[in-house]
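In our numbering, the protein residues as written are 1 to 143. Glycine included, every Cβ here is placed at the ideal spot set by N, Cα and C. None of these values were measured; they are calculated from a predicted model.
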Amino acid sequence: MYIISACLLGENCKYNGGNNLNEKVMEIVKNRNYIAVCPEVAVGFPTPRPPAEIRGGRVYNIEGNDVTEEFEKGAAMELARAKELADRLGEDIELAILKSNSPSCGCGRIYDGTFTHRLVPGDGIFARLLKENGIKTISEEES
Ligand code: SF4
């Protein structure tokens, strides 16, 4: 079973109300079990919502509010949901394909916290949690 960022599958859960539909990812999930996740929506953030970035290990939205706890809670909720489905299917979670650069889903590279579109090495909160749980995690760019 795969974990996929919901915005890559065309769900309008992105901070600006849009999505990141990716045809390659759509093709990959055609013949396999997967779960679409969005940790930010799972924890109750509205869509659209203020963009957020990671600075000094904490997540701040563009209004300056520290939303780290919410991001961590949403990540844990979506991981739990994925594990439940994998158990029900009797499958392992083989791979997560996550949206690049996001403060939740970014995998290996994230925005630097200044809201100026600059990227730095690092993982989003959800990507980090998956890696800590031994789940292979890649961005849609590597898929
Ligand atoms: S949290 Fe992840 S799934 Fe949700 S909109 Fe952001 S990148 Fe997409």
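The alpha-carbon of ALA86 is positioned some 16 Å away from that of ILE97. Residues with their Cβ less than 5 Å from any non-hydrogen atom of the ligand SF4, running along the chain, are SER5, ALA6, CYS7, CYS13, LYS14, CYS38, GLU40, LYS99, SER102, SER104, CYS105. Nearest in C-alpha terms to VAL25, of all of LEU95, GLY124, ILE125, is LEU95. Put simply, the stretch 27-34 does not touch the stretch 69-81. Fewer than three CB pairs are less than 8 Å apart. Under the three-state reduction of DSSP output, PRO121 falls in the strand class.
Note that the C-beta distance between PHE115 and PRO50 is not below 8 Å. Judged by their CB atoms, PHE126 and SER100 are not nearer to each other than the 8 Å cut-off. ARG32: not part of any beta strand (DSSP E); DSSP gives it neither H nor E.
Between LEU21 and VAL67, the alpha-carbon positions lie close to 26 Å from each other. Of the candidates SER139, ARG58, SER5, SER5 places its Cα closest to the Cα of ALA42.
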